[in-house]
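Below is one structure, written out as structure tokens, with a few remarks after it.
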Amino acid sequence: MSERMGFFTDTSVCIGCKACEVACKEWNDVPDDGFVFRATSYDNTGALGASTWRHVAFVETADNWLMASDVCKHCTHAACLDVCPTGALFRTEFDTVVVQADVCNGCGYCVPACPYGVIDRREDDGRAWKCTMCYDRQRGGLEPACSKACPTDSIQFGPLDELRERADERLAALHAQGRSEARLYGESPGDGVGGDGAFFLLMAEPEVYGLPPDPVVTTRDLPSMWRWAAAAALTMAAAAAASTTWRR
Amino acid sequence: MAECHPVGFQWVMEAKARGAKVFHIDPRFTRTSAMADHFVPIRAGSDIVLLGALINHVLAGEHDFREYVLAYTNASVIVSEDFRDTEDLDGLFSGFDGETRTYDPSSWSYQGLEEEAAAGQSGEHAAEGRHHAETARADQYGSGGAAAHPRPHTDETLRHPRCVYQVLKRHFARYTPEMVEEVCGIPAEDFHRLAEAVVAASGRERTTAWVYSVGWTQHTVGAQYIRAASILQLLLGNMGRPGGGILALRGHASIQGSTDIPTLFNILPGYLPMPHAHSTRTLDEYLDHAAGDTGFWGNKRSYMVSLLKSWWGDAATEDNDFCFGYLPRLTGDHGTYATVLGQIDGIVKGYFVVGENPAVGSSGGRTQRLGLANLDWLVVRDMTLVETATFWKDGPEIETGETRAEDIATEVFFLPAASHVEKEGTFTQTQRLLQWREKAVEPPGDCRSDLWFYYHLGKRIRQRISDDEIDRPLRDLTWDYPEHGENRDPSAEAVLREINGTGPDGRTLSSYLDLKPDGSTRSGCWIYCGVYAGEVNQAARRKPGRSPVAPEWGWAWPLNRRILYNRASADPKGRPWSERKAHIWWDADKGEWTGADVPDFEKDKPPDYRPPPGATAQAALSGTDAFIMQADGKGWLFAPAGLADGPLPAHYEPHESPLPNIMYGQRANPARKVYNRAESPYNPAGSPRFPYVLTTYRLTEHHTAGGMSRTLPYLAELQPEMFCEVSPELAAERGLVNGGWATIVTSRAAIEARVLVSERIRPLRLQGRTLHQVGVPYHWGWAGGGVVTGDAANDLMPIVLDPNVYIQEGKASTCDIRPGRRPRGKALLDLIEEYRRE
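Protein chains in written order, with the numbering used here: chain B, 1 to 248; chain L, 249 to 1086.
Written as structure tokens, this is what we have:
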């Protein structure tokens, strides 16, 4: 396995040009996602989905206009991967999480499993789609299309360890400038998903951007749930046996 | 800039990361504002008051960079006794003729010049004033061609009451922070923050740059907006220095190139003026009128003769005036709007529309379409079937029943065009940098490049012409480029080589200084001479380099100079103003100018050079005359000639404005071009029927009139519908609902748009009232092969122009806005009629 690769999206320098959305669709041949005027600032994409793998949020606050390019987080503990029954979702040599379109059977288990609401099924073919961190480009030694297209380096691609260092420096610089609202999101290996392969520098609370404040891998409780279920089953069995015994 | 030039904006972000302060001045809080340190809201159409107040702040506080100002500007020059300022004439300058609405600029000249002109010496072209107002000849002065006295009377103490510095001081005294508040709607606190920052970031150690786009130019005083910025930058010493300047961002990939090798009616390649039918019959007459004799325009004969030789080759000889008589002539205003009105009047019969979509993209869309409908023939070359090619069957006038397709006799030829990746050639960007691009793929089907089209059109025309004398200019034309490929594409490199020019030996020249007046050299555009130096396509160079100017990346005109007038980056003695801002300097040991850039100055002219009496061309420039294209070598704070509407900028209200002009009795620019036409009436100024300011703009997601973006699903889905932006206050006042519909009405049209209510649009409080602005992007049209369609914003706009460059006032007019969709069919006409009547 090579080094873990990731995205660091520094929203403090995002100019909302949406070049990431377009470059992603161009490279990955993602279809358009409908022509809907949403009247939500300059966001007519709405959210990440099967046909939107980068999404730029526009948030109008009292004194500013926040922009942020969202993407699949490529979680350390990826629930989508855990629940996929076919093996269509797999972890690559770059430690990213990718769906193999030719394996996916469209069961859709991964959709509710994602704590961020990223992965989604396309209505026409039923299969699940999401950001691959341009797996094919990476295998060819190229950086992903979105970070390549980003004019202000808001989207940075590289080895995750390096990106985390760079993010810490950027955060410290912003704090030194008095921008105390700046914070990192998804960079900590100690969080509920074991840290994100794609993490962010935000200029407000995560909820402001529509991000969950404290995401947890949805399969976290599965083992204990299984233990509880097993215990319950045993109890049931014992009770049933007891009742049978009693009747007898 | 982040909105419309996101790729270039990365360098602003880079500068910001290195400590630069970014101010954004705009009617709307945009994506640029979000990235700026400070956002300064402004009423569209009031910028001269803001810039004037900054000038006043600099002058009143003596914050000007005095050494720079004395050495490199005309601050000390004494102006004629006959000059009267707007201060004296309540908003007019001396020389205005109310009947013709034009200025005679003779009274704006420098003192003592009148007599010399009478004595037959070269001087101010006083009599030219009206001429250039009629033929937009001011444009020839754009690159410094206006004649002026090379050594006028001066007062180096700047105390003479008629010296430019004092004239300026009086003129701008009324441009106060209070006026900024009342006219622009900018709070005093915001103004002071800006003024202090600009002064603090100017001088020896620092420079300030102003970046503008059509938000400054599309006004009836557009050229004067830029003049105002020039005055400020000259006073602060921010011209010709790294990090300084006034940077014009262009709306398309090679707009700079299309002015250098012009698509404009009034100039020839290299900013040589177009000859006039009556006043410039011979080459000598033309050169007499063309520009000054001193400064680098003094070599105008070499530039012009080389151009004529490039076009007519061996047929051009000294005996036949180098075929000067072959050139077409101007008889008046032949700008785009005059052309369209000529179509309606039946004077203009045929029309080429190449890579434009005027039925959607030009002001007064209905007027544009009425013109198109009255042609004999129309050629549209584009990559998609734009509305300009289909107006006759699906245009708005068909919908309202005003016209029927069967009544339109225009024969329309649609010719599919190759895109930029399907052809080779150069782009010239705003820094004057030419960058060669290769053809990546062959154009599909019948798509062809513009070069292919014009070359083969020319060949076919030449095959059909007669032996008649009238066709001689076409017969004699050099029209012989090598062809290659299946489609017989002419070689773009051969064209570039021809533009560069050749010497008597047939080899390419390397500098415009080598051009000769005797017909021994050829050059298709003198300022591009050197782009093919040494028989090498210099524009194709791609060496990034660590130097601040990356001199081997592409090629910048003239002579690969990256910062124009960079002599001003050194002090009068030739030393850098500071270590931080060193760019070029005088090396006394070597006896030459040196540094990171190519000096925009004669390489071996020492700082202490003083011209002998009677010198011409560059020999007339002293070692401190940094502005080498000017006849006097000075940056002009006061323009004694060259502008159709005054030697200094003055605030005038837009032609359509809801407010009076509280600066002067004169309300709007007196010299603006007004067309009183039934098809395109104006909103009365101050009319309560049209109480809101209307401004148009572009979005990152789309390109101009939409031909290249509405057709692409990936772009169209990002901004799928025509919308307008209004403040919550205006929405409440007019019952507009976010996400709902609104109808925007002017005297020209009523269009519908989805409503985007946003606090980014802030009501302005000025002159004791609240003023609302309505913003509309102009990317949509009714068809255009687009996956998204919508009403066209430009249908709303008036046809009223700046008198210098004939640009339309697209950024500040008035409108009404009402909730709901617009009526259809005849009911739409009734609604507009109702507004016109009231």
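We put the beta carbon where it would ideally sit given N, CA and C, even for glycine.
C-beta neighbour in chain B for residue i, strict 8 Å
{"i": "Glu437 of chain L", "result": "no"}
{"i": "Phe271 of chain L", "result": "no"}
{"i": "Glu965 of chain L", "result": "yes"}
{"i": "Arg385 of chain L", "result": "With a pLDDT of 49 at Arg385 of chain L, under the threshold of 50, the modelled position of this residue cannot be trusted; read the value that follows with caution. No, no contact with chain B."}
{"i": "Glu404 of chain L", "result": "no"}
{"i": "Gly987 of chain L", "result": "yes"}
{"i": "Leu807 of chain L", "result": "no"}
{"i": "Arg1008 of chain L", "result": "yes"}
{"i": "Pro254 of chain L", "result": "yes"}
Coil, strand or helix - residue i by DSSP
{"i": "Asp835 of chain L", "result": "strand"}
{"i": "Val193 of chain B", "result": "coil"}
{"i": "Ile326 of chain L", "result": "strand"}
{"i": "Pro824 of chain L", "result": "strand"}
{"i": "Ile1080 of chain L", "result": "helix"}
{"i": "Leu1089 of chain L", "result": "Given that chain L is displayed from residue 249 to residue 1086, the structure contains no residue 1089 of chain L and the question cannot be resolved."}
{"i": "Ile474 of chain L", "result": "helix"}
{"i": "Leu497 of chain L", "result": "coil"}
{"i": "Leu89 of chain B", "result": "strand"}
{"i": "Val459 of chain L", "result": "strand"}
{"i": "Cys114 of chain B", "result": "coil"}
{"i": "Tyr389 of chain L", "result": "Below a pLDDT of 50, predicted positions are generally treated as unreliable, and Tyr389 of chain L, at 47, falls in that range; the measurement from the model is reported next regardless. Three-state DSSP puts Tyr389 of chain L in a helix."}
Residues that DSSP places opposite residue i in a beta bridge
{"i": "Val56 of chain B", "result": "B:Ser69"}
{"i": "Gln1056 of chain L", "result": "L:Leu1049"}
{"i": "Met133 of chain B", "result": "Answer is none; Met133 of chain B lacks a bridge partner."}
{"i": "Val993 of chain L", "result": "L:Ala998 and L:Asp1064"}
{"i": "Leu1014 of chain L", "result": "L:Arg1017"}
{"i": "Ala865 of chain L", "result": "L:Thr542"}
{"i": "Thr750 of chain L", "result": "L:Thr756 and L:Arg770"}
{"i": "Ala926 of chain L", "result": "Answer is none; Ala926 of chain L lacks a bridge partner."}
Contact with chain L by residue i, beta-carbon distance below 8 Å
{"i": "Val59 of chain B", "result": "no"}
{"i": "Trp65 of chain B", "result": "yes"}
{"i": "Thr11 of chain B", "result": "no"}
{"i": "Phe37 of chain B", "result": "yes"}
{"i": "Gly34 of chain B", "result": "yes"}
{"i": "Gly16 of chain B", "result": "yes"}
Identity of the residue in the options nearest residue i by Cα
{"i": "Gly649 of chain L", "options": "L:Tyr358, L:Gly1073 and L:Leu1079", "result": "L:Gly1073"}
{"i": "Pro398 of chain L", "options": "L:Leu337, L:Gly881, L:Lys1059 and L:His253", "result": "L:Gly881"}
{"i": "Gly108 of chain B", "options": "B:Glu3, B:Cys84 and B:Phe90", "result": "B:Cys84"}
{"i": "Gly612 of chain L", "options": "L:Arg1084, L:Arg996, L:Asp1050 and L:Tyr1026", "result": "L:Arg996"}
{"i": "Leu1088 of chain L", "options": "L:Ser354, L:Ala980 and L:Ala477", "result": "The structure shown does not extend to residue 1088 of chain L, since chain L spans only 249 to 1086, so no value can be given for it."}
{"i": "Leu599 of chain L", "options": "L:His500, L:Glu659, L:Val689 and L:Cys571", "result": "Just to set this straight, residue 599 of chain L is Tyr in the shown sequence, not Leu. Nearest C-alpha to Tyr599 of chain L: L:Glu659."}
{"i": "Asp508 of chain L", "options": "L:Gly499, L:Gly518, L:Phe271 and L:Ala501", "result": "L:Gly518"}
{"i": "His467 of chain L", "options": "L:Ala863, L:Ile296, L:Pro721 and L:Ala282", "result": "L:Ile296"}
{"i": "Pro799 of chain L", "options": "L:Gln679, L:Ala818, L:Thr465 and L:Glu533", "result": "L:Gln679"}
{"i": "Lys25 of chain B", "options": "B:Arg38, B:Arg127 and B:Cys134", "result": "B:Cys134"}
{"i": "Tyr42 of chain B", "options": "B:Leu66, B:Ala62 and B:Asp29", "result": "B:Leu66"}
{"i": "Pro796 of chain L", "options": "L:Arg1085, L:Thr405, L:Arg489 and L:Ser328", "result": "L:Arg489"}
{"i": "Gly1016 of chain L", "options": "L:Ala1001, L:Glu981, L:Met427 and L:Ser328", "result": "L:Met427"}
{"i": "Leu1077 of chain L", "options": "L:Lys764, L:Ile646 and L:Thr952", "result": "L:Ile646"}
{"i": "Gln967 of chain L", "options": "B:Gly16, B:Ala204 and B:Tyr116", "result": "B:Gly16"}
{"i": "Arg38 of chain B", "options": "L:His1027, L:Thr456, L:Ile1055 and L:Gly987", "result": "L:Gly987"}
C-beta contact flag for residue i and residue j at 8 Å
{"i": "Lys18 of chain B", "j": "Val71 of chain B", "result": "no"}
{"i": "Asn322 of chain L", "j": "Leu896 of chain L", "result": "no"}
{"i": "Val1003 of chain L", "j": "Val1024 of chain L", "result": "no"}
{"i": "Gly751 of chain L", "j": "Ala564 of chain L", "result": "no"}
{"i": "Trp259 of chain L", "j": "Ala889 of chain L", "result": "no"}
{"i": "Gln914 of chain L", "j": "Leu340 of chain L", "result": "yes"}
{"i": "Gln790 of chain L", "j": "Trp801 of chain L", "result": "The identity of residue 790 of chain L in the sequence shown is Arg, whereas the question assumes Gln. Yes, these two residues count as a Cβ contact at 8 Å."}
{"i": "Ala1001 of chain L", "j": "Ala990 of chain L", "result": "yes"}
{"i": "Trp834 of chain L", "j": "Pro854 of chain L", "result": "yes"}
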